[in-house]
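Below you'll find the structure, written out as C-alpha cells, and then a few comments.
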Amino acid sequence: MIKTGVAIASDEELQWVLAEASRCLFCVDAPCIGGCPVHIDIPQFIRLIRWKDFKGAKETIKIANFMGSICGYLCPAGELCQKDCVLSKTGSPISIAALQRFACDRADYGSEIKTAAGTKKRVAVVGGGPAGLSCALELRGFGHEVDLFEKEKFLAGTVAQEIPEFKIPQHILKKEIGELDLNQIRIHLGIEVDRNLLEREISKQYDAIFLGVGLSRSKPTDLNRKNLKNVFDASQFLNSIKNGAINQLKGICITIGGGDTAVDCARMALRLGAQRSILAYRRSQKEMPAAKAEVRQALEEGVEILWQVTPFRLAGQKKVEAIEFARTKLVSSAQSGRKRFKEVAGAKLKLPVNVVVFALGKDRDDGLGHFLGDRTKTIDLKTLQVGKTKYFVGGDFFNGGETVVEAIADGQRAARSIDHYIRSG
Amino acid sequence: MRVSLEVDFAGVRFKNPFMLSSAPPTGSGEMIERAFEEGWGGAIVKTLAYDIRQTQNVQPRIHSVHQDGRIIGFSNIELGSPKPIEVWLKDMGRIKKRYPGHVLFASLLHTEGLVESQWVDTARRCEEAGVDGLELNFSCSHGMAESGGGASIASNVDLIKKVLGWVKGAVRIPVMVKLPAMVENLPYKAMAAKESGADAISAINTLNSLSGVDIYRFIPHPQVDDKSAYSGLSGPAIKPVGLRCVAQIASSADIPISGIGGIVNWEDAVEYMLVGASTVQICSAVMQYGYRIIKDLETGLRHYMEKMGFERVRDFVGLALPHIKKHNELSREYRLLSQVNEERCIGCGLCSAACGDSGYQAIKMSEKRRPLIDEEKCDGCGLCTQICPVLNCLTMKRRI
C-alpha cells in the first residue's frame, strides 16, 4: 500500500501530538540535541508544543535550522536525534521528527536576520541548496555582505530538483523558503559558476568563497553501450518526474543501487504506475546504506528487493527489454569494515524489464570538481577550509552526499570559520 | 483462604464495601438498578430536593481538570435531584424490593433555609419507602452551600446538632452525616455529630473551586451563557485531602466511616480503609468509565486481602492510623541518603535539575549521564526519588 507520506498538521492529529509531546521527559542536557547535526533544542520545542505555544516551538526549531520543516520530513530521525532518546531504554523514543513537522506546519513564523555590525567584507556563496543557503544566512547574520550564486532559477538545490513529492510536498518547500529573510542577501539565480568564473573573477572580488554546489554528475555505468531507451540515471529520472517529463510508467521498473536515492526511485516508480518495481543491490540488506525506515516503507508499499545481484548486460532493440544479473557473494575486506562483493561464477539471473534506473550515486561535476582536485586532501574537517585559502566547502559537494540536515550543519560551520578567517585576516 | 468482602456498617449489611455516592451516577431509579446488576454493594440516591423548583439545573454544569489530556478532576455546579420526592419514593421502594441484598440510602436535603418539618417529613417518608439508611448532606460545597444548606450546615456545630436531632427523632434507620473537607476543626465537628446521635460519618464532599478560566474570553468554566459560578471539585486531585479528613475523623471519633474522594481503583479504596473507612463511595471514576469499574474494584480488593491474609475488611480498617503522628514527634535521628541503581537509570538528568534547583545541589551528572550523588550535600529530602521517571531507580537508603 502506498502511503502519501504527508505530514501531521490537522486538528485530528492535535490530540496525538499533545499526547506525544507530554511523553517527553525534558531531559537535562538532552542526548537528542547531540544527535541532531544542527543541535535544535529539542526538549524545549517539544515542551512548547506541550503547552500549545506552537509559534514558540517553531521559533526554537528555526533558530537552529532554517529548513526545520523540510528536515522534519526528510531527516532519518531514527538514526539521528531519536536514536539517542532516553525513552528508548524503557519503551519507544519520542517521535521527534513528527513533532517538528507539526510545529513547522502549524505555526506561522517569519524569520528576520538579526545582523551584527557591518564588516564591509564580501563573501560569495556558490550554490543555493541547503548548505549554501545555510552558510549565506549565517554569514549575513555575522555582518558580512553576501552574494549567492545559483545555477538554477530556484533555490533549495536537490530538495527542489530530485527529492520526490511524496517525501517533501512542494507547498511545504515553498512555505519554508518563503519564510526566509532573503532580502538581506544578494541572490543571483541562473548563474552557473564554472572554474573560469570562479578563478578569474569571483576569487578576486570576494574576501572568502563558500562552495556548496552539490553533486551534479551521476556515477556512470558502461552497461548501456547501445544507448537503449528507457534507461536513466537517478537524477535524470527524478528530475524528469519533478518537471513532468515523465508522468507515467508501465511494466517492470528495475532500479540499481542501495542508497536513499535508489529507494526514492523505486518508490516513485510504483507511484507512476509501474506493475512491479524492483530494487537490485549488490550487497546484502545489512550493508545497504539507505535509511532503514525508508527501506521498510518501500517494502510495505510493494517494492521488491533483490539482494546481492549486480547487472552485467542490458538487452533490447531500441528500448531496454531485459537485464541480466550475476549473483554476488560478500567477502570481508581487510582495509574497510564494509564487505566487498564478488560475482559468483555461473550464477545468473535474467529479468524482463521496461525501465531501468541506475542510482549509483553522484560525483562532483568536472569543472569545480577538478578545481578542488588534489586540494580535497587539504580540507580541514573542522573548519571546512580548503588548505590556507579563502575557499571553504560544505554539503554534498564536500561530504559526497549526506542528509539535508548535515548539509545545513556544514553551511553553519563553514560560516563560523569564514567569519573567523575574515576577522583575523 | 476464604476472603469475604461483606461489611457490617452502622448495622447495615453490605455485600461489598463499594457504594455509589450521592451524585450523577445515582440520578434515577433505573440507573441504580443497573448499578446493582453490575455488582455495586450500595448506592446513595442523589440528594433529594424538597421543592424541585429549587433544583432547576443550568447547562453546562460539569467541567473537568486535565493534565496532558487526562482527567484529574471534575468540577460541577449541578444541584440536588430535579426529580420530585414522590417519584423517588416509588423508585426507592421498587429498588429495595428487587435488590434486597443491596444497600440503598437516601440523601437529604436540598432546600433553602432550615425548616424542621421539611427534614422530618422527608426522612420519615424515605424510611417508609424502605431505604436502609439516610445520609445528611451537610457538605455540598457549591450551590446549596450558597443558600444556607450543604456545607454551610457543617460550618456550625449548633446547626449540625439541630438538624441531626430533627432527623434522629423522626426515624429508626441509621443516619449518616456527610461532612466536607474545608471546615474548621473537622474532628470536633465529627465528634459533635456522633454525640448528637449520628450512626456513621461519610467524608468528604467536593472542594469548593474555580475549575479554570478561558484565557481568550476571560470567562471561567463551566460557562453558562458567558457566566460561571464556583464549583465543586472531585476526582483524583482531591484524594489526599479526603484521606487526611477520614484519618482525622477516625482518630477522634469512634464511629463507622464511609470514605469518599478521588477513589478510582482498589488501591485507593484500600488506602481509605487503612485510615479508618469501612465502606467507600465513588462518583467521579464512574462518571468517567461507567458502573463496570466495580469489577476491578472488587477483584483487586479481594486479591489484596488474599495476599495480605485479611479475611474481612474490618481486619485492616484503620491499620495506618497508629503511624500518623504529630510532626514534632517524628524522629530526627532517622537520616537518609539518595542512592541510584545505575542499571535502571536511563540518563534523563531530571534528578540533577531537581536537586540543583529545588534541593541541595548534591546530584551532578557524570560523563556517562549517570547521577553522581554527593553524600555530604544530600539532605535526604527525597525529591529526586519522587521525580525520577523510572521505577526503583533512585531510592533513599539509611545513613549508617
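Chains as they are written, first to last, in this note's numbering: chain A, 1 to 425; chain B, 426 to 825.
All C-beta atoms in this analysis are idealised placements derived from N, C-alpha and C, irrespective of residue type, glycine included.
Keep in mind that this is a model prediction, so the values were computed, not measured.
Thinking C-beta only, is residue j closer than 9 angstroms to residue i?
i: A625 of chain B; j: P599 of chain B; result: yes
i: I487 of chain B; j: P747 of chain B; result: no
i: S333 of chain A; j: Q385 of chain A; result: no
i: Q786 of chain B; j: T820 of chain B; result: no
i: G35 of chain A; j: L99 of chain A; result: no
i: T119 of chain A; j: E138 of chain A; result: no
i: V705 of chain B; j: F530 of chain B; result: no
i: D233 of chain A; j: F358 of chain A; result: yes
i: S277 of chain A; j: A293 of chain A; result: no
i: C71 of chain A; j: I379 of chain A; result: no
i: G574 of chain B; j: T536 of chain B; result: yes
i: T60 of chain A; j: L48 of chain A; result: yes
i: K348 of chain A; j: G772 of chain B; result: no
i: N247 of chain A; j: L272 of chain A; result: yes
i: C776 of chain B; j: C813 of chain B; result: yes
i: P450 of chain B; j: A474 of chain B; result: no
i: V738 of chain B; j: S703 of chain B; result: yes
i: G464 of chain B; j: I685 of chain B; result: no
i: L279 of chain A; j: T261 of chain A; result: no
i: S500 of chain B; j: L755 of chain B; result: no
i: E736 of chain B; j: R427 of chain B; result: yes
i: S447 of chain B; j: E560 of chain B; result: yes
i: A618 of chain B; j: L589 of chain B; result: yes
i: S489 of chain B; j: G452 of chain B; result: no
i: A19 of chain A; j: I46 of chain A; result: no
Which residues in the same chain have their Cβ closer than 7 angstroms to the Cβ of residue i, if we skip the five residues on either side of it in sequence?
i: P661 of chain B; result: I497, G498, G687, V689
i: K219 of chain A; result: L360, G361, K362, D363
i: A579 of chain B; result: F563, S564, I585, L604, P605, V608, K614
i: G173 of chain A; result: Checking the displayed sequence, the identity of residue 173 of chain A turns out to be Leu instead of Gly. The answer, listed in chain order, is I70, A156, V159, A160.
i: M616 of chain B; result: S677, A678
i: L314 of chain A; result: L223, N224, L228, V231, V320, I323, V356
In chain B, what lies closer than 7 angstroms to residue i by C-beta?
i: C81 of chain A; result: Near C81 of chain A there are no residues of chain B at all, since even the closest Cβ is about 15 angstroms away, more than 7 angstroms.
Note down, in chain order, each residue of its chain lying with its Cβ closer than 8 angstroms to the Cβ of residue i, except the 5 sequence neighbours on either side.
i: K318 of chain A; result: L228, K229
i: Q285 of chain A; result: V295, I305, W307
i: H188 of chain A; result: D147, L148, F149, E150
i: I8 of chain A; result: Because the pLDDT at I8 of chain A is just 49, under 50, the model does not fix this residue reliably, and the point stays unresolved.
So residue i packs on residue j, CB below 8 angstroms; how close in whole Å?
i: V592 of chain B; j: A548 of chain B; result: 5 angstroms
i: G157 of chain A; j: G68 of chain A; result: Contact doesn't hold; Cβ gap of about 17 angstroms is too wide.
i: P681 of chain B; j: A435 of chain B; result: 5 angstroms
i: S134 of chain A; j: G411 of chain A; result: 3 angstroms
i: A77 of chain A; j: A97 of chain A; result: 4 angstroms
i: G490 of chain A; j: P37 of chain A; result: Examination of residue 490 of chain A is not possible in this model, given that chain A is present from 1 through 425 alone.
i: I629 of chain B; j: V666 of chain B; result: 7 angstroms
i: R760 of chain B; j: G805 of chain B; result: 6 angstroms
Using a Cβ-Cβ distance under 9 angstroms, would residue i count as near chain E?
i: K89 of chain A; result: Checking the listed chains, one finds no chain E in this structure; the protein chains it contains are A and B.
Who are the neighbours of residue i on chain B, taking C-beta pairs under 8 angstroms?
i: A19 of chain A; result: D493, G494
i: L14 of chain A; result: Residues of chain B passing the Cβ test: none, with the nearest at roughly 10 angstroms.
i: S95 of chain A; result: Per Cβ cutoff of 8 angstroms: no residues; S95 of chain A is ~16 angstroms from chain B at best.
i: S22 of chain A; result: D493, G494
Determine the chain A residues that contact residue i at a beta-carbon separation under 8 angstroms, and present them in chain order.
i: A778 of chain B; result: V28
i: M790 of chain B; result: V28, D29
i: V815 of chain B; result: T90
i: I771 of chain B; result: V86, L87, K89, T90
For residue i, collect the residues of the same chain with a Cβ closer than 6 angstroms to its Cβ; drop the 5 residues on either side in sequence, then sort them by chain order.
i: A117 of chain A; result: G143
i: V193 of chain A; result: V126, F149
i: D264 of chain A; result: P164
i: A274 of chain A; result: L249, C253
i: C818 of chain B; result: N766, R769, C770
Counting only Cβ pairs nearer than 7 angstroms, list the residues of chain A close to residue i.
i: G774 of chain B; result: C27, V28, D29
> Which runs of the alpha helix (DSSP H) spanning at least 4 residues fall entirely within the stretch 440-523 of chain B, listed in chain order?
Replying inline: For the stretch 440-523 of chain B, the continuous alpha helix (DSSP H) assignments of 4+ residues that do not extend past its boundaries occur at 454-463, 510-523, in sequence order.
> Whole beta strand (DSSP E) runs in the stretch 283-369 of chain A with 3 or more residues, listed along the chain?
Replying inline: Counting only runs of 3 or more, we get 304-306, 309-315, 322-331, 340-352, 355-358.
> What are the complete alpha helix (DSSP H) segments, minimum 4 residues, inside the stretch 145-189 of chain A?
Replying inline: List check, alpha helix (DSSP H) in window: 158-161, 170-178.
>> If we require 4 or more residues per run, which alpha helix (DSSP H) segments fall completely within the stretch 750-804 of chain B?
In response: Counting whole runs of 4 or more residues, the stretch 750-804 of chain B contains the alpha helix (DSSP H) stretches 775-783.
>> As an exercise, report each continuous beta strand (DSSP E) stretch of at least 3 residues that is fully enclosed by the stretch 216-244 of chain A, in chain order.
In response: Assignment of beta strand (DSSP E) within the stretch 216-244 of chain A, counting only whole runs of 3 or more residues, yields 231-233 in chain order.
>> Threshold first: 3 residues or longer. Then list the beta strand (DSSP E) segments lying entirely within the stretch 650-694 of chain B, N to C.
In response: Considered as a whole, the stretch 650-694 of chain B harbours 656-659, 682-685 as its complete beta strand (DSSP E) runs of no fewer than 3 residues, in chain order.
> Where are the alpha helix (DSSP H) runs, 4 residues long or more, that stay fully inside the stretch 581-643 of chain B, in chain order?
Replying inline: The qualifying runs are 582-595, 611-620.
> Which whole runs of the alpha helix (DSSP H) in the stretch 14-98 of chain A are 4 residues long or more, in chain order?
Replying inline: Counting whole runs of 4 or more residues, the stretch 14-98 of chain A contains the alpha helix (DSSP H) stretches 31-35, 42-50, 54-64, 68-74.
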